[in-house]
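S.K.: The opening position of the sequence shown corresponds to residue 60 in this note's numbering, with each subsequent residue numbered one higher.
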Amino acid sequence: MSPLSQAQFLTAPGSSTRDDNYECSCEHIAKVSVATAPVTTAYHIETSFVTSNVSFNKIHEITATKRYSSGVFLDGKRCIKNCIGFGNVVIYDIDNDGENILSLIDAHKLTQEYKSVIVTTKSHQKEKHGIKADRYRFTILLDGVISVNVEEYKSYYIHIASLLGIEEYIDTLCKDAARMYQPHPQQEVYYSEGTNILSEKQLRISFEEKKYLDSTTRASTSFSNHSSNNYCFDDAAASGSKTDYIRSIMGSPLLLKMLHFDERFVKGSRNNYLYSIGCYLLDVKLTVGEIKQTLLWMNSLRSGLSETEIKNTIFRSLKL
60 MSPLSQAQFL
70 TAPGSSTRDD
80 NYECSCEHIA
90 KVSVATAPVT
100 TAYHIETSFV
110 TSNVSFNKIH
120 EITATKRYSS
130 GVFLDGKRCI
140 KNCIGFGNVV
150 IYDIDNDGEN
160 ILSLIDAHKL
170 TQEYKSVIVT
180 TKSHQKEKHG
190 IKADRYRFTI
200 LLDGVISVNV
210 EEYKSYYIHI
220 ASLLGIEEYI
230 DTLCKDAARM
240 YQPHPQQEVY
250 YSEGTNILSE
260 KQLRISFEEK
270 KYLDSTTRAS
280 TSFSNHSSNN
290 YCFDDAAASG
300 SKTDYIRSIM
310 GSPLLLKMLH
320 FDERFVKGSR
330 NNYLYSIGCY
340 LLDVKLTVGE
350 IKQTLLWMNS
360 LRSGLSETEI
370 KNTIFRSLKL
């Protein structure tokens, strides 16, 4: 199950997480740009894109017959400089040309919690670069239009793919905000059984949190690698910005993800992991009580160490 199946990212049918400034699509309407010119029109001179509202349950009719895009284009001219916004769908191509393979069956399982559709592309199970493989396209419905600007779209697109669990499989060429997708009349179509819709607002919040964490991680790494800047690092931590943020996510899945808990808290590495987290929390200027509480909480989430062992080894080593 992907992180996107967590309740915070899902909007139930008939409800919305949007405020009045967002376009709500909780009635299962997909907003996409569709080319009105015939498919035979030359790819590079395509200038006929119009924004269309389509019942999501009929979006396969678009993917079978029309060129389409998640971008919205000024005067219908499809290019980055004319991209003035986005619809409320995220589209991913999976070509399975590399070492990492995601089968059609596994892809379908990934998206069962929310409204989505998978359609096969023209090269599905045809030889391409000497390889026959499942090749298909995800279209995932959001409850509002994509709210980032064109400059941030690529990072946002990858962030959602990461939450979905498909980042390592996606076609890297499709990160372009003006990307156009070709139709396939003989496509196979697989709609998910889920009725929930992904919350664009919550995805955006998650994206902004990641940007903040990335920036603080870079700053922390920079300070750690340059001892002459240690005083600046202490000042930054003491100013409260990082400290307050860590406090705001204590006891939450976001803190676990930030600290790579799932990957690193494993048998044989638990002592070292908890000790390293303790050192980090000391650097962030949490109180002794907060550090102890956090370490004991993390240890309790799995078959961890005994509380006595933690107190006699980790707490003692950290001088808590």
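Even for Gly, the Cβ is constructed at its ideal location relative to N, Cα and C.
Can you look up Ala89 in the DSSP assignment and give me helix, strand or coil?
M.R.: Strand at Ala89.
S.K.: Counting only the same chain and skipping the five closest in sequence on each side, list residues whose C-beta sits under 6 Å from that of Ile205.
M.R.: Phe145
S.K.: Excluding the five sequence neighbours on either side, which residues of its own chain have a C-beta within less than 7 Å of the C-beta of Ser376, listed in chain order?
M.R.: Residues Tyr334 of the same chain have their beta carbon placed closer than 7 Å to that of Ser376, with the five preceding and five following residues left out of the count.
S.K.: Could I get the ranges of all uninterrupted alpha helix (DSSP H) runs contained in the stretch 100-156, with 4 residues as the minimum, in chain order?
M.R.: Qualifying alpha helix (DSSP H) stretches, in chain order: 118-124.
S.K.: With distances taken Cα to Cα, identify the nearest neighbour of Val149 among Ala192, Ile256 and Val109.
M.R.: Ile256
S.K.: Is the stretch 154-163 in contact with the stretch 119-138, if contact means three or more CB pairs nearer than 8 Å?
M.R.: no
S.K.: Just curious, the beta strand (DSSP E) that Phe324 is in, first and last residue?
M.R.: No beta strand (DSSP E) holds Phe324; DSSP gives it neither H nor E.
S.K.: Using only alpha-carbon positions, find the residue among Gly135, Asn147 and His167 that is nearest to Glu247.
M.R.: Looking only at Gly135, Asn147 and His167, the smallest Cα-Cα distance to Glu247 is reached by His167.
S.K.: Can you list, in chain order, the residues of its chain whose CB lies under 8 Å from that of Gly253, leaving out five sequence neighbours each side?
M.R.: Scanning its chain for C-beta atoms nearer than 8 Å, with the 5 sequence neighbours on each side dropped, one finds around Gly253 the residues Thr170, Gln171, Glu172, Tyr173, Lys174 and Ser175, in chain order.
S.K.: Kindly indicate which three-state DSSP category Lys187 falls into: helix, strand or coil?
M.R.: strand
S.K.: Do you know offhand how far Ser251's Cα is from Thr346's?
M.R.: If I take the Cα positions, the gap works out to 47 Å.
S.K.: I'd like to confirm the pairing. Which residues does DSSP put opposite Thr179 in its beta bridges?
M.R.: Tyr195
S.K.: My parser needs the alpha helix (DSSP H) runs of 4 or more residues fully inside the stretch 334-376; what are they?
M.R.: 347-359
S.K.: Roughly how many angstroms separate the alpha carbons of Glu349 and Leu318, rounded to a whole number?
M.R.: 16 Å
S.K.: Can you find the residues in the same chain that come closer than 6 Å, C-beta to C-beta, to Tyr249, ignoring five residues on each side of it along the sequence?
M.R.: Excluding positions up to five away in sequence, the list reads His167 and Ile177.
S.K.: From the DSSP secondary-structure annotation, give me the bridge partner or partners of Leu169.
M.R.: Looking at the DSSP assignment, Leu169 forms no beta bridge with any residue, so it has no partner.
S.K.: Check the C-beta distance from Lys344 over to Thr302 and give it rounded, since I have them as a contact under 8 Å.
M.R.: Right, their Cβ atoms sit about 5 Å apart.
S.K.: Can you say whether Lys90 is buried or exposed, counting buried as having 16 or more other CB atoms within 10 angstroms of its CB?
M.R.: Classification of Lys90: buried, given that the 10 Å Cβ count is 16 or more.
S.K.: Could you check the C-alpha separation between Gly203 and Glu366 for me, to the nearest Å?
M.R.: 46 Å
S.K.: Do you know offhand how far Asn359's Cα is from Tyr216's?
M.R.: The question names Asn, but residue 359 in the sequence shown is Ser. When rounded, the distance between both Cα atoms is 34 Å.
S.K.: Count the other CB atoms within 10 Å of the CB of Thr280; is the residue buried (16 or more) or exposed (fewer)?
M.R.: Because the pLDDT at Thr280 is just 47, under 50, the model does not fix this residue reliably, and the value given afterwards should be weighed accordingly. It is exposed - the Cβ of Thr280 has fewer than 16 other Cβ atoms within 10 Å.
S.K.: Is the beta carbon of Phe108 sitting closer than 8 Å to the one on His87?
M.R.: no
S.K.: Is Asp235 near Arg194, with beta carbons less than 8 Å apart?
M.R.: no
S.K.: Suppose you measure from the CA of Ala295 to the CA of Asp342; what does that come to, to the nearest Å?
M.R.: With a pLDDT of 41 at Ala295, under the threshold of 50, the modelled position of that residue is not reliable, and no figure is offered here.
S.K.: Measuring only between beta-carbons, confirm whether Leu340 sits less than 8 Å from chain C.
M.R.: The chain inventory of the structure shown lacks chain C, comprising one protein chain alone.
S.K.: At what residues does the alpha helix (DSSP H) containing Val209 begin and finish?
M.R.: Val209 to Leu223
S.K.: Might you give, ordered along the chain, the residues of its own chain that have their beta carbon closer than 8 Å to the beta carbon of Asp321, omitting 5 neighbours on each side?
M.R.: For Asp321, the CB contacts under 8 Å within the same chain, skipping 5 residues up- and downstream, are Leu315 in chain order.
S.K.: Once DSSP output is grouped into helix, strand and coil, what is the label at Tyr304?
M.R.: Residue state, collapsed to three classes: helix.
S.K.: How is the beta strand (DSSP E) around Val381 delimited, first residue to last?
M.R.: Given a span of 60 to 379 for the chain in the structure shown, any question on residue 381 remains unanswerable.
S.K.: List the endpoints of the continuous alpha helix (DSSP H) containing Pro312.
M.R.: Pro312 to Met317
S.K.: Please name the residue in Lys191, Tyr304 and Met239 whose C-alpha comes closest to that of Val98.
M.R.: When only C-alpha atoms are compared, the closest one is Met239.
S.K.: For a quick check, are the C-beta atoms of Glu259 and Asn147 less than 8 Å apart?
M.R.: It is a contact, given that the beta carbons lie within the stated cut-off.
S.K.: Report yes if the C-beta distance between Ile336 and Leu354 is below 8 Å; otherwise report no.
M.R.: yes
S.K.: Taking DSSP's pairing of strands, which residues face Tyr240 in a bridge?
M.R.: Tyr127
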